[in-house]
Each structure stands twice: as C-alpha cells, then as structure tokens.
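Following: one structure in structure tokens, then a few remarks.
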Amino acid sequence: MAGTVEDEQVRATGERWADAERRSDTQALDGLLDEDFRGVGPVGFVLTKQQWLGRYEGGLAVESFDWQDVNVRVFGDTAIAIGTQVQEASHQGRPSSGRFRSTQVLVRRDGGWRIVSMHLSPQQR
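If you count by full-length UniProt numbering, then the sequence shown holds residues 1 to 125, one letter each, in order.
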C-alpha cells in the first residue's frame, strides 16, 4: 500500500539521514537534525545536536549503516518513524555495532522535515 505524500517525505528524510550516517557526513546531518535535537542512546545517554555531530570528530567510524522496516505515522506537522537501525561501527577503537529499534520524531519546519528526537533500544533478532 502506497503512503501519503507526507509519509514519503518522512521516509525520504530518514533515508537521507541513514545515508549521512553511513558516509559520516556531518554537514548533511547538520541540515537534517533540528537545532533542538535530542538523541537517546541504547544505554540511556542523551546527546544534543552538537554532541551527536561531535561523535565523528570523537572517533566514531562507521563501516555500514542501514535503516529498514520503517513505519511512518504523520500527525499534522509532526511525524513518528519507527524502524530498525543496523550498524557496523567502532568508537575510539571499541566496537559499537548493533541492531537497534529506533524511534524518530520529526517536525515540519520551513517546508521540510527535521529530526527533533531519536531513541535507540537494543533489538534482538
């Protein structure tokens, strides 16, 4: 079943986000994450936008990154995207690979969708 135009726009934003994470493209991520962004990691830490972007300067190396099985719900100018994030990565030489259930909250601002929040939880296969 095809989604609405808004569903497809939110999915496209998620695909651009995953591609930017895969390429360690902090400039692209800067344009996708809202200034008020907060990300909750899989063990409960909370990062601001600048801290999220700073992971790359701090030693995050991404080998592969996939955003799949995404379900989108749109409520006016707010959207929720729930999917599975699978990554092969290391941070400061330590493995940080995993499979996570990821929930993104997006808002429509200035004609586009921006990610304002993300929460990761470890996911078993």
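Even glycine gets a Cβ: it sits at the ideal position worked out from N, Cα and C. Quantities reported herein were computed from a predicted structural model and do not represent experimental measurements.
Query	Result
DSSP three-state label for Asp7, please.	helix
Run the CB neighbour count on Gly112, radius 10 Å, all protein chains shown included, and call it buried at 16 or more, exposed below.	exposed
Alpha carbon to alpha carbon, what distance is there between Arg109 and Gln123?	31 Å
Looking only at its chain, what residues have a beta carbon closer than 6 Å to the beta carbon of Ala28, apart from the 5 residues adjacent to it on each side?	Ala20
Look up Met1 in the DSSP assignment and say whether it is helix, strand or coil.	With a pLDDT of only 44 at Met1, under 50, the local geometry of the prediction cannot be trusted, and the value read off the model is given with reservation. Three-state DSSP puts Met1 in coil, outside helix and strand.
Are the Cβ atoms of Asp66 and Val46 separated by less than 8 Å?	no
Got a sec? Which residues, its chain only, sit under 6 Å from Ile82 by beta carbon, not counting five neighbours each side?	Asn71 and Thr103
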